[in-house]
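Residue numbering for the sequence shown follows UniProt numbering, beginning at 1 and increasing consecutively. Scroll down for the structure; my scribbles are underneath it.
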Amino acid sequence: MKLTNKQQKYLRAEAQALKPIFQVGKNGVNPNLVTQVRDALEARELIKITILQNCPEDKKQVAQKLSERSGSALVQVIGFTVILFKPAKENSNYALPKA
């Protein structure tokens with residue numbers, strides 16, 4: 001899923017109040033983490049993930065892997081925080097602006 005700049009800006013503003021619900025640590029991106037992220041995206045649509053200092057992978061690689069494997073859009077990587085978005089099939093909580 002590809003987001004426009006306006007949509008990314010809107011989602012960044014919405015994500016500002018969110019707290020990270022996952023941490024990627026020394027195990028990196030593993031199938032268990034991807035499954036949990038996918039489930040969280042189904043329930044919440046927009047999530048924040050923190051990448052810990054002891055993660056062996058680069059933070060941009062982690063963000064890209066999580067985005068691809070969970071089927072979500074990468075909104076932003078800032079510092080050691082990743083924001084992912086996957087719209088709900090029905091009754092979305094976020095009204096994305098049109099391009």
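Idealized CB from N, CA, C, for every residue including glycine.
#### Entry: Rounded separation between Val29 and Thr35 - CA only
When rounded, the distance between both Cα atoms is 10 Å.
### Query
Nearest CA to the CA of Glu90: which residue from Phe22, Arg38, Glu42 and Ile21?
Glu42
### Message
Threshold first: 3 residues or longer. Then list the beta strand (DSSP E) segments lying entirely within the segment 29-57, N to C.
### Response
46-51
### Task
Count the other C-beta atoms from every protein chain shown that fall within 10 angstroms of the C-beta of Ser92, then say buried if there are 16 or more, exposed otherwise.
exposed
### Query
Three or more beta-carbon pairs under 8 Å between the segment 54-62 and the segment 74-88, yes or no?
yes
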